[in-house]
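Asks: Going letter by letter, the sequence shown gives residues 943 to 1067 in the working numbering. All residues carry an ideal CB built from backbone N, CA and C; glycine is no exception. Encoded as structure tokens, here's the structure I'll be asking about.
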Amino acid sequence: MEIAFTDRELDVMGVLWDLGGGSVAEVRDRLPDDLAYTTVLTVLRTLEEKGYVGHVEAGKAYRYHPLVRRQDAGTSVLRRITRKLFKDSPELLLTQLVSDRGLSDDELRRMQKLLEDRLRGGGEE
943 MEIAFTDREL DVMGVLWDLG GGSVAEVRDR LPDDLAYTTV LTVLRTLEEK
993 GYVGHVEAGK AYRYHPLVRR QDAGTSVLRR ITRKLFKDSP ELLLTQLVSD
1043 RGLSDDELRR MQKLLEDRLR GGGEE
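The structure is reproduced here in structure tokens:
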């Protein structure tokens, strides 16, 4: 299943993943933008229609919770980016990533260790 979010949906999902769930007001309070309550509600309903969010009744309000894991969403988005921007080549993606001048030597060493572990069979597919 390909998972795709708009920027606003991703902001809301980030809050839900961090909290594990929340009411519209709780999500709204933690968003970086000052959005109207009805806007946040609309985004949550859209996410629910897409199958990414569910809700339970909690008194007069609903509590929304993620139905997809952050890791699964990240994997899906990364596959899509690799396919569309890097000609379906993980090597081109990695080249772009390590060519980023903002990476520190420590970050590059950690990435190198991940690759070495994967080559030894210690990493996940």
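Using a Cβ-based criterion (distance less than 7 Å to any ligand heavy atom), does L1034 qualify as near the ligand ATP?
Replies: Judged by which ligands are present, the structure shown has none, so any question about the ligand ATP falls away.
Asks: Measure the C-alpha to C-alpha separation of D976 and V1010 and round it to an integer number of angstroms.
Replies: 25 Å
Asks: Using only the alpha-carbon positions, how far apart do R1021 and D949 sit?
Replies: 18 Å
Asks: Going by the CB atoms, is the gap between E944 and L989 shorter than 8 Å?
Replies: no
Asks: Is V998 closer than 8 Å to V954 when the C-beta atoms are compared?
Replies: no
Asks: Given that a residue counts as buried once 16 or more other Cβ atoms are within 10 Å of its Cβ, and exposed if not, what is R1012?
Replies: exposed
Asks: For the segment 956–967 against the segment 1002–1009, are there 3 or more C-beta pairs whose distance is under 8 Å?
Replies: yes
Asks: Take the Cβ of Y994 as the centre, count every other Cβ of all protein chains shown within 10 Å, and call the residue buried at 16 or more, exposed below.
Replies: buried
Asks: Which class does V995 belong to by DSSP, given the choice of helix, strand or coil?
Replies: strand
Asks: Just list the alpha helix (DSSP H) runs in the segment 980–1038, keeping only unbroken ones of 4 residues or longer that don't cross its boundaries, in chain order.
Replies: 1012–1027
Asks: Cβ atoms of V957 and V969: under 8 Å apart, would you say?
Replies: Yes.
Asks: Alpha carbon to alpha carbon, how far is E1073 from M1053?
Replies: In the structure as shown, the chain begins at 943 and stops at 1067. Residue 1073 is therefore absent and cannot be evaluated.
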